[in-house]
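Novice:
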Amino acid sequence: MKMTDQKLGHKSQIMEIQEFYKSYAERMRKLDVSNYQTMHAIGILHLKGPLKSNATHIPSSPLMKSHLSQNLWPTKLRRSKIGPAIHSMEAFYEDLEMIYVGQVCLSWEILQWECGKCQELLELDPHGSRQYTFVASEIQFFQVLLRRFIENEPFQGPRIENYVKTRCVVRSLLQVPALKDDSFSFSEKKARVGEQDDVPTAAAVMQLMEETIRLFWDFIRSDKEEGDCSICKKRQLRVLDSDDMELLKVTRNQLKKKERKLKGILRSGNCIVKRLQKHRDRGDEMLMLVSAQVELRLISRVLNMAKVTREQFIWCREKLERISFISRKIYAEPSFLLFPC
């Protein structure tokens with residue numbers, strides 16, 4: 001490839017990444033606004049009524065009604081007074097669950113998509129002439145925040161409550177940085193004191209992103225709050241029509257089949273992972289195995305939410321359709337499907 005073609009190709013890739021990243025950032029921001037509003041409403045509810053003299057814990061379990069009635073209000077209060085507050089807190093929980101799950105799905109989508117784009121940038125710059133100092137430091141900071149969250153979680157309470165509170169204070173938590181080289185990072189000159197001998201190239205950023213994907217899996221599998229699926233089904237019955245219920249049933253069955261196949265591959269200890277139309281080394285194959293686990297776990301998490309929209313069911317089905325298992329091999333079709341929220 002000619003140098004001119006490489007430059008044009010690189011610029012085109014960066015512009016595409018910026019365009020897609022903008023969509024991701026806007027949805028994350030929308031959920032942040034919803035988070036602030038919900039937390040503010042919960043604070044007002046605590047000040048208005050019986051919540052005032054009790055714990056400020058926000059239950060994050062499908063067993064919310066029993067948890068609230070046992071822990072947040074004096075037993076002498078009449079049921080007529082407790083009812084509206086329970087209803088409000090249940091609705092608030094559903095909103096916070098949507099915020100948490102939505103931001104996790106959004107960040108995973110942009111992360112794995114940017115990882116694929118980084119590989120394309122690497123192919124356009126085989127000699128490592130472009131520098132990625134600024135984005136490399138941002139990815140490392142992303143890792144630090146996520147690792148710290150995982151390590152501190154056992155002492156911070158339930159996942160959803162811990163996440164939404166932390167996100168209100170630390171907006172960088174789970175906020176995947178935009179992939180771009182230093183020529184597109186206007187503030188990187190301020191971040192660098194001088195020229196460095198060992199500056200990050202696309203290859204170094206690729207390695208960082210692969211590490212981040214593995215760390216993301218640690219974050220996902222440490223989420224213990226998927227709840228009682230049978231209770232989720234009962235709550236979903238109240239808000240879903242017959243068509244949506246059928247879609248949910250089909251999607252759940254499809255998920256279970258692929259989960260069984262993935263477990264079979266994991267148990268075999270001799271899996272071969274391939275991307276559609278792309279064959280790369282063993283390290284990438286194992287990374288794809290991790291990615292498949294994240295994908296299926298996130299789909300399961302969405303389907304187990306107390307409140308799920310038809311668009312989100314469709315998102316789950318489209319994600320599942322892009323993962324296939326043939327002769328004990330995993331095929332994952334590259335895609336960019338932002339979570340509808």
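For what it's worth, the UniProt record's numbering labels the leading residue of the sequence shown as 1, then goes sequentially. All C-beta atoms, glycine included, are put in the ideal place defined by N, C-alpha and C.
(1) What separation, rounded to the nearest whole angstrom, lies between the Cα atoms of leucine 72 and glutamate 123?
(2) Can you name the start and end residues of the beta strand (DSSP E) that alanine 204 belongs to?
(3) Looking only at C-alpha atoms, which of Ala306, Ser222 and Gln312 sits nearest to glutamine 293?
(4) Within the chosen definition, does the segment 114–130 reach the segment 172–182 through at least 3 CB pairs nearer than 8 Å?
(5) Take the Cβ of arginine 27 as the centre, count every other Cβ of all protein chains shown within 10 Å, and call the residue buried at 16 or more, exposed below.
(6) According to DSSP, simplified to helix, strand and coil, what is histidine 40?
(7) Taking the alpha-carbon positions, what's the isoleucine 213 to phenylalanine 149 distance?
(8) Quick test of the definition: if touching needs 3 or more C-beta pairs under 8 Å, does the segment 124–140 touch the segment 39–49?
(9) Could you check if aspartate 198 is buried or exposed, using at least 16 other CB atoms within 10 Å of its CB as the buried criterion?
(10) Let's see if you can read the secondary structure: which residues bound the alpha helix (DSSP H) around asparagine 152?
(11) What distance in whole Å lies between the Cβ atoms of leucine 338 and leucine 106, which are believed to be in contact at a cut-off of 8 Å?
(12) If you drop the 5 nearest sequence neighbours on each side, which residues of the same chain put their C-beta closer than 7 Å to that of serine 242?
(13) My output table needs one value for alanine 178: the three-state DSSP class, helix, strand or coil.
(14) Would you tell me roughly how many angstroms separate the C-alpha atoms of glutamate 94 and asparagine 152, rounded to the nearest one?
(15) Within 10 Å of its beta-carbon, does valine 101 have 16 or more other beta-carbons around it, so buried, or fewer, so exposed?
(16) Under the three-state reduction of DSSP, which class applies to valine 104: helix, strand or coil?
(17) Using the three-state DSSP reduction, which class does glutamate 295 fall into: helix, strand or coil?
(18) Is serine 172 helix, strand or coil by DSSP?
Specialist: Here's the rundown:
(1) Any reading at leucine 72 must be qualified, since the residue scores a pLDDT of 35, below 50, and its modelled position is unreliable; the value itself is stated next. The straight-line gap from Cα to Cα measures roughly 58 Å.
(2) Counting along the chain, alanine 204 falls outside any beta strand (DSSP E), though it belongs to the alpha helix (DSSP H) covering 202–221.
(3) The residue with the shortest Cα to Cα distance from glutamine 293 is Ser222.
(4) Yes: at least three Cβ pairs fall under 8 Å.
(5) Classified as buried, arginine 27 has 16 or more neighbouring CB atoms from the shown chains inside 10 Å of its CB.
(6) The answer is helix: DSSP assigns histidine 40 an H, G or I state.
(7) If I take the Cα positions, the gap works out to 16 Å.
(8) Taking a cut-off of 8 Å on C-beta distances, the segment 124–140 does not touch the segment 39–49, as fewer than three cross pairs fall below it.
(9) Exposed is the call here.
(10) 133–152 is the extent of the alpha helix (DSSP H) around asparagine 152.
(11) Correct: roughly 6 Å between the Cβ atoms.
(12) Answer for serine 242: no residue qualifies.
(13) Residue state for alanine 178 is assigned as coil, using DSSP reduced to three classes.
(14) If you take the alpha carbons of glutamate 94 and asparagine 152, they lie about 24 Å apart.
(15) With 16 or more neighbouring CB atoms inside 10 Å of its own CB, valine 101 falls in the buried class.
(16) Correct three-state label for valine 104: helix.
(17) Helix at glutamate 295.
(18) Shown here, serine 172 sits in coil according to DSSP, grouped into three states, outside any helix or strand.
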